[in-house]
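In full-length UniProt numbering, the protein residues as written are 1 to 173.
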(Lines of atoms letter the chains of each structure in order from A and count residues from 1; the text may use other names and numbers.)
(Lines give C-alpha, C1' and ligand atoms only; values in the text may rest on other atoms or scores of the structure.)
Protein backbone atom coordinates (compact mmCIF):
# COMPACT_ATOMS: atom_id res chain seq x y z
CA UNK A 1 0.00 0.00 0.00
CA UNK A 2 2.84 2.38 0.84
CA UNK A 3 4.13 2.25 -2.76
CA UNK A 4 0.74 2.43 -4.48
CA UNK A 5 -0.07 5.44 -6.66
CA UNK A 6 -3.52 5.59 -5.08
CA UNK A 7 -5.72 3.82 -2.57
CA UNK A 8 -9.23 2.41 -3.00
CA UNK A 9 -11.22 1.50 0.10
CA UNK A 10 -14.16 -0.57 -1.13
CA UNK A 11 -16.91 -1.70 1.12
CA UNK A 12 -19.67 -4.22 0.89
CA UNK A 13 -21.50 -5.26 4.02
CA UNK A 14 -21.95 -3.93 7.51
CA UNK A 15 -19.99 -1.03 9.00
CA UNK A 16 -18.94 -3.01 12.09
CA UNK A 17 -17.66 -5.99 10.09
CA UNK A 18 -15.62 -3.68 7.86
CA UNK A 19 -14.11 -1.92 10.91
CA UNK A 20 -13.23 -5.33 12.36
CA UNK A 21 -11.70 -6.50 9.07
CA UNK A 22 -9.50 -3.41 8.82
CA UNK A 23 -8.42 -3.86 12.43
CA UNK A 24 -7.69 -7.57 12.23
CA UNK A 25 -5.63 -7.08 9.07
CA UNK A 26 -3.63 -4.26 10.63
CA UNK A 27 -4.85 -1.78 8.02
CA UNK A 28 -6.79 0.72 10.14
CA UNK A 29 -3.82 3.05 10.52
CA UNK A 30 -2.78 2.56 6.90
CA UNK A 31 -6.26 3.51 5.67
CA UNK A 32 -6.46 6.49 8.04
CA UNK A 33 -3.03 7.78 6.99
CA UNK A 34 -3.84 7.31 3.29
CA UNK A 35 -7.12 9.22 3.65
CA UNK A 36 -5.45 12.08 5.55
CA UNK A 37 -2.65 12.23 2.97
CA UNK A 38 -5.22 12.50 0.17
CA UNK A 39 -7.17 15.18 2.03
CA UNK A 40 -3.97 17.22 2.12
CA UNK A 41 -3.50 16.97 -1.65
CA UNK A 42 -1.32 13.85 -1.69
CA UNK A 43 -1.86 10.43 -3.19
CA UNK A 44 -5.49 9.97 -4.37
CA UNK A 45 -7.91 7.93 -2.28
CA UNK A 46 -11.31 6.58 -3.34
CA UNK A 47 -13.85 5.26 -0.85
CA UNK A 48 -16.77 3.26 -2.23
CA UNK A 49 -20.05 2.59 -0.35
CA UNK A 50 -19.05 1.44 3.15
CA UNK A 51 -15.60 2.78 2.18
CA UNK A 52 -17.18 6.25 2.31
CA UNK A 53 -18.97 5.49 5.57
CA UNK A 54 -15.76 4.30 7.25
CA UNK A 55 -14.23 7.76 6.77
CA UNK A 56 -16.61 9.17 9.39
CA UNK A 57 -16.39 8.99 13.18
CA UNK A 58 -19.01 6.27 13.51
CA UNK A 59 -22.28 4.80 12.33
CA UNK A 60 -25.73 4.27 13.77
CA UNK A 61 -25.51 0.77 12.29
CA UNK A 62 -22.92 -0.19 14.88
CA UNK A 63 -22.69 2.62 17.49
CA UNK A 64 -20.00 0.93 19.59
CA UNK A 65 -17.51 0.84 16.69
CA UNK A 66 -15.38 3.82 15.66
CA UNK A 67 -14.80 4.74 12.05
CA UNK A 68 -11.53 6.19 10.77
CA UNK A 69 -12.66 9.63 11.93
CA UNK A 70 -11.08 11.64 9.10
CA UNK A 71 -14.47 13.21 8.28
CA UNK A 72 -16.55 14.88 10.97
CA UNK A 73 -19.85 13.34 11.94
CA UNK A 74 -21.43 9.96 11.73
CA UNK A 75 -23.41 7.88 9.29
CA UNK A 76 -27.07 7.36 10.14
CA UNK A 77 -30.06 5.37 8.92
CA UNK A 78 -31.69 6.78 5.80
CA UNK A 79 -34.36 9.21 6.96
CA UNK A 80 -38.05 9.05 6.30
CA UNK A 81 -40.52 6.42 5.30
CA UNK A 82 -38.39 4.76 2.62
CA UNK A 83 -37.57 1.17 1.80
CA UNK A 84 -34.24 0.08 3.24
CA UNK A 85 -31.88 -0.73 1.80
CA UNK A 86 -32.08 1.67 -1.10
CA UNK A 87 -31.26 -0.79 -3.85
CA UNK A 88 -31.76 1.05 -7.11
CA UNK A 89 -30.50 3.46 -9.71
CA UNK A 90 -30.69 7.09 -8.68
CA UNK A 91 -29.82 10.36 -10.41
CA UNK A 92 -26.84 12.27 -9.07
CA UNK A 93 -27.32 15.95 -8.36
CA UNK A 94 -23.81 17.42 -8.59
CA UNK A 95 -23.50 20.31 -6.13
CA UNK A 96 -20.28 21.69 -7.54
CA UNK A 97 -17.73 20.98 -10.24
CA UNK A 98 -15.31 18.23 -9.30
CA UNK A 99 -12.91 16.08 -11.36
CA UNK A 100 -14.89 13.01 -10.23
CA UNK A 101 -17.69 14.17 -12.53
CA UNK A 102 -15.64 15.22 -15.58
CA UNK A 103 -17.20 13.92 -18.78
CA UNK A 104 -20.51 12.87 -17.23
CA UNK A 105 -23.75 13.72 -18.96
CA UNK A 106 -26.27 16.21 -17.67
CA UNK A 107 -28.21 13.63 -15.67
CA UNK A 108 -25.81 10.94 -14.44
CA UNK A 109 -27.43 7.86 -12.90
CA UNK A 110 -25.61 5.60 -10.45
CA UNK A 111 -26.46 2.41 -8.57
CA UNK A 112 -26.96 2.45 -4.79
CA UNK A 113 -27.20 -0.35 -2.24
CA UNK A 114 -27.28 1.07 1.31
CA UNK A 115 -29.37 1.75 4.38
CA UNK A 116 -27.08 4.33 6.02
CA UNK A 117 -25.69 7.62 4.74
CA UNK A 118 -23.53 10.52 5.85
CA UNK A 119 -25.18 13.87 6.43
CA UNK A 120 -25.01 16.41 3.63
CA UNK A 121 -22.22 18.80 4.58
CA UNK A 122 -19.49 21.11 3.28
CA UNK A 123 -17.55 18.24 1.66
CA UNK A 124 -20.62 16.88 -0.17
CA UNK A 125 -20.10 17.17 -3.93
CA UNK A 126 -23.20 15.21 -5.02
CA UNK A 127 -26.54 14.20 -3.57
CA UNK A 128 -29.51 12.16 -4.68
CA UNK A 129 -33.16 12.13 -3.66
CA UNK A 130 -34.42 9.17 -1.70
CA UNK A 131 -37.24 10.42 0.48
CA UNK A 132 -35.00 13.35 1.41
CA UNK A 133 -31.72 14.71 0.09
CA UNK A 134 -29.01 12.05 0.61
CA UNK A 135 -25.24 12.50 0.50
CA UNK A 136 -24.06 10.60 -2.60
CA UNK A 137 -20.41 11.71 -2.80
CA UNK A 138 -17.89 13.70 -0.79
CA UNK A 139 -14.48 15.09 -1.65
CA UNK A 140 -11.70 17.03 0.02
CA UNK A 141 -8.32 17.48 -1.62
CA UNK A 142 -7.55 14.21 -3.40
CA UNK A 143 -9.93 12.21 -1.23
CA UNK A 144 -12.99 11.14 -3.19
CA UNK A 145 -15.73 8.92 -1.81
CA UNK A 146 -19.07 7.81 -3.17
CA UNK A 147 -22.01 6.13 -1.48
CA UNK A 148 -23.02 4.55 -4.78
CA UNK A 149 -21.17 1.73 -6.53
CA UNK A 150 -19.32 3.06 -9.60
CA UNK A 151 -18.37 -0.50 -10.59
CA UNK A 152 -22.11 -1.27 -10.92
CA UNK A 153 -23.09 2.05 -12.50
CA UNK A 154 -22.53 1.40 -16.20
CA UNK A 155 -20.89 4.07 -18.35
CA UNK A 156 -21.28 6.74 -15.65
CA UNK A 157 -19.43 4.60 -13.12
CA UNK A 158 -16.72 3.69 -15.60
CA UNK A 159 -16.20 7.40 -16.32
CA UNK A 160 -15.87 8.14 -12.59
CA UNK A 161 -13.33 5.34 -12.19
CA UNK A 162 -11.43 6.59 -15.26
CA UNK A 163 -11.40 10.07 -13.72
CA UNK A 164 -9.87 8.59 -10.57
CA UNK A 165 -7.18 6.84 -12.62
CA UNK A 166 -6.52 10.16 -14.38
CA UNK A 167 -6.09 11.79 -10.95
CA UNK A 168 -3.34 9.26 -10.20
CA UNK A 169 -1.29 10.73 -13.05
CA UNK A 170 -1.67 14.36 -11.97
CA UNK A 171 -0.28 14.13 -8.43
CA UNK A 172 3.45 14.87 -8.17
CA UNK A 173 5.49 11.90 -6.95
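The C-beta atom is built at its ideal place from N, Cα and C for all residues, glycine as well.
Spatial neighbours of residue i in its chain, beta-carbon cut-off 7 Å, leaving aside the 5 residues before and after
i: residue 74; result: 56, 57, 58, 59 and 60
i: residue 132; result: 79 and 80
i: residue 175; result: No answer is possible for residue 175: the residues shown for the chain start at 1 and end at 173.
Cβ neighbours of residue i in the same chain (closer than 6 Å, five flanking residues each side left out)
i: residue 47; result: 9, 55 and 145
i: residue 26; result: none
Simplified DSSP state of residue i, which is helix, strand or coil
i: residue 118; result: strand
i: residue 182; result: With the chain covering 1 to 173 only, the question about residue 182 has no answer from this structure.
i: residue 43; result: coil
i: residue 168; result: helix
i: residue 100; result: helix
i: residue 136; result: strand
Cβ of residue i within 8 Å of any chain D Cβ
i: residue 93; result: Absence of chain D from the displayed structure is noted, only one protein chain being present.
Through-space distance from residue j to residue i, alpha-carbon basis
i: residue 168; j: residue 2; result: 14 Å
i: residue 120; j: residue 105; result: 23 Å
i: residue 136; j: residue 114; result: 11 Å
Proximity winner among the options, relative to residue i (alpha-carbon distances)
i: residue 140; options: 21, 110 and 44; result: 44
i: residue 109; options: 67, 98 and 159; result: 159
i: residue 86; options: 63, 124 and 130; result: 130
i: residue 53; options: 154, 147, 155 and 166; result: 147
i: residue 118; options: 77, 112, 39 and 84; result: 77
i: residue 69; options: 19, 11 and 154; result: 19
i: residue 170; options: 99, 23, 11 and 12; result: 99
i: residue 4; options: 25, 102 and 30; result: 30
i: residue 67; options: 153, 22, 97 and 101; result: 22
i: residue 51; options: 154, 155 and 71; result: 71
Close Cβ partners of residue i (< 8 Å) along its chain, the five nearest in sequence each way excluded
i: residue 151; result: 48, 157 and 161
i: residue 116; result: 15, 53, 59, 60, 61, 75, 76, 77 and 78
Query raised in the report: Should the region 33-45 be regarded as contacting the region 83-92, the criterion being three or more beta carbon pairs within less than 8 Å?
Result: no
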